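Enquirer:
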Amino acid sequence: MGKDQRVLFHTTVFGPIHSRRLGTSLGINLSPNDGKVCSFDCLYCEAGYNAQGAGTTGFPSPQSVREQLQQKLQKMKEEGENLDVITFSGNGEPTLHPEFPDILEDVLTLRNEYFPEAKVSVLTNSTKIFTPAVAEALKKADNNILKLDSAIEETMQLVDRPNSPGFTVDKVVESLKQFEGTGIIQTMILRGEHGGKKIDNTTPEEIRALINAYKTIRPKEIMIYSLDRTTPEENLVKVEKEELLEIAKKIEHDTGIPVRV
Numbered sequence: 010m011g012k013d014q015r016v017l018f019h020t021t022v023f024g025p026i027h028s029r030r031l032g033t034s035l036g037i038n039l040s041p042n043d044g045k046v047c048s049f050d051c052l053y054c055e056a057g058y059n060a061q062g063a064g065t066t067g068f069p070s071p072q073s074v075r076e077q078l079q080q081k082l083q084k085m086k087e088e089g090e091n092l093d094v095i096t097f098s099g100n101g102e103p104t105l106h107p108e109f110p111d112i113l114e115d116v117l118t119l120r121n122e123y124f125p126e127a128k129v130s131v132l133t134n135s136t137k138i139f140t141p142a143v144a145e146a147l148k149k150a151d152n153n154i155l156k157l158d159s160a161i162e163e164t165m166q167l168v169d170r171p172n173s174p175g176f177t178v179d180k181v182v183e184s185l186k187q188f189e190g191t192g193i194i195q196t197m198i199l200r201g202e203h204g205g206k207k208i209d210n211t212t213p214e215e216i217r218a219l220i221n222a223y224k225t226i227r228p229k230e231i232m233i234y235s236l237d238r239t240t241p242e243e244n245l246v247k248v249e250k251e252e253l254l255e256i257a258k259k260i261e262h263d264t265g266i267p268v269r270v
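Numbers in our numbering are just positions in the sequence shown, counted from 1, shifted up by 9.
#1: Hey, would you say C51 sits closer than 8 Å to E102, going by beta carbons?
#2: Does DSSP put S135 in a helix, in a strand, or in coil?
#3: Buried or exposed for N210, going by 16 or more other Cβ atoms inside 10 Å?
#4: Tell me whether A56 is buried or exposed, calling it buried when 16 or more other Cβ atoms sit within 10 Å of its Cβ.
#5: What is the DSSP secondary structure of N42, counted as helix, strand or coil?
#6: Quick check: the stretch 33 to 47 against the stretch 56 to 67, are there 3 or more CB pairs under 8 Å?
#7: Which stretch, first to last residue, makes up the alpha helix (DSSP H) that contains Y234?
#8: In its own chain, which residues sit with a C-beta less than 6 Å from the C-beta of K81, not counting the 5 before and 5 after it?
#9: Of the choices H203, I138, E90, whose alpha-carbon is the least far from that of T240?
#10: Mapping the DSSP letters down to three states, classify H262 as helix, strand or coil.
#11: List the DSSP bridge partners of I256.
#12: By how many angstroms is the C-alpha of S135 removed from the C-alpha of D13?
#13: Applying the 10 Å Cβ sphere with the 16-neighbour rule, what's the burial state of V143?
#14: Just list the residues that DSSP pairs D169 with in beta bridges.
#15: What residue from E230, V248, F139 has the CA that sits closest to Q187's CA?
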């Protein structure tokens with residue numbers, strides 16, 4: 010993917026974005042506004058590969074996040090707008106921000122003040138859940154959405170490309186158990202190839218491994234999805250909704266856990 014095809018967010022607070030699935034959503038980007046900071050280097054990341062660098066602006070300060078969000082919420086309130094969700098996402102992994110727990114507390118406080126019915130969601134790749142302060146903070150979010158793209162080590166390493174050699178499927182599945190009944194597991198379903206290696210986490214072996222992992226973790230919900238935008242690795246293929254629905258039906262049947270597509 011060419012550098013100009015990256016989808017970077019150049020502000021800390023962005024939106025509101027209106028979508029059929031989420032309703033009216035505000036995003037919070039805790040990564041630099043001109044680069045990417047992530048503990049994965051996923052083949053499908055719309056923000057591009059980590060090789061682009063972290064930029065020059067650095068992490069936003071908690072004060073800056075708080076002030077920008079308050080201004081946005083106040084303006085939306087004054088203009089009579091609705092708000093359904095505030096989502097931590099952006100140009101990388103939000104829990105890498107060294108003050109993520111404090112920032113989440115600020116966001117929850119502002120949400121309660123301006124739009125108490127809105128949900129606070131965090132999209133995380135699960136790499137920081139081994140840090141107790143981060144794990145406890147995530148438990149306070151309304152929607153703690155945790156990534157598990159494959160329960161087979163080789164596939165996870167090929168697709169997600171974690172920075173830490175100590176990050177393994179076995180370790181993350183074991184740690185994800187702490188969110189039993191509260192967490193939401195999100196899985197990217199895709200096919201393709203990278204570096205001459207085939208990628209396909211729709212095979213019976215892959216789905217069976219995911220089902221076993223979901224049974225171990227026992228989240229309150231599972232979300233499966235596929236490609237929606239241009240990806241850094243060009244040889245990836247979107248799995249269409251009809252097939253996703255069939256996969257979801259099997260997972261739900263075998264685990265008893267609700268699956269959203």
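Cβ atoms here follow ideal geometry from the backbone N, Cα and C, with glycine treated the same way.
Since the model is a prediction, treat every value here as computed from it, not as a measurement.
Expert: The relevant details are as follows:
#1: Against the sequence shown, residue 51 aligns to sequence position 42. Against the sequence shown, residue 102 aligns to sequence position 93. No, the pair does not count as a contact, with Cβ atoms beyond the cut-off.
#2: Taking the sequence shown and counting its residues from 1, the one referred to as residue 135 is at position 126. DSSP places S135 in coil when its eight states are reduced to three.
#3: For this step, residue 210 is matched to residue 201 along the sequence shown. So N210 counts as buried.
#4: For the purposes of this step, residue 56 is taken as residue 47 along the sequence shown, with counting starting at 1. With 16 or more Cβ atoms within 10 Å of its Cβ, A56 is classed as buried.
#5: Position 33 of the sequence shown, counted from the first residue, corresponds to residue 42. Judged by DSSP in its simplified three-state form, N42 adopts coil rather than helix or strand.
#6: By the Cβ rule, the stretch 33 to 47 counts as touching the stretch 56 to 67, because three or more pairs are nearer than 8 Å.
#7: Taking the first residue of the sequence shown as position 1, residue 234 is located at position 225. Per DSSP, Y234 lies in no alpha helix (DSSP H); the unbroken beta strand (DSSP E) holding it starts and ends at 230 to 234.
#8: Residue numbering aside, residue 81 sits at position 72 when the sequence shown is read from its first letter. In its chain, beyond the 5 residues on either side, V22 have a beta carbon closer than 6 Å to the beta carbon of K81.
#9: For the purposes of this step, residue 240 is taken as residue 231 along the sequence shown, with counting starting at 1. The shortest C-alpha separation from T240 is found at H203.
#10: Walking along the sequence shown from the start, residue 262 turns up at place 253. Three-state DSSP puts H262 in a helix.
#11: In the sequence shown, counting from the first residue as 1, residue 256 sits at position 247. Under DSSP, no beta-bridge partner is assigned to I256.
#12: Here the question's residue 13 lines up with position 4 in the sequence shown. Here the question's residue 135 lines up with position 126 in the sequence shown. Bear in mind that the predicted position of D13 carries a pLDDT of just 42, short of 50, making it too unreliable to give a figure here.
#13: Position 134 of the sequence shown holds residue 143. The C-beta of V143 has 16 or more other C-beta atoms within 10 Å across all chains shown, which makes the residue buried.
#14: Position 160 of the sequence shown, counting from 1, holds the residue named residue 169. BP columns for D169 are empty, so no partner.
#15: Residue numbering aside, residue 187 sits at position 178 when the sequence shown is read from its first letter. Closest option to Q187, Cα to Cα, is F139.
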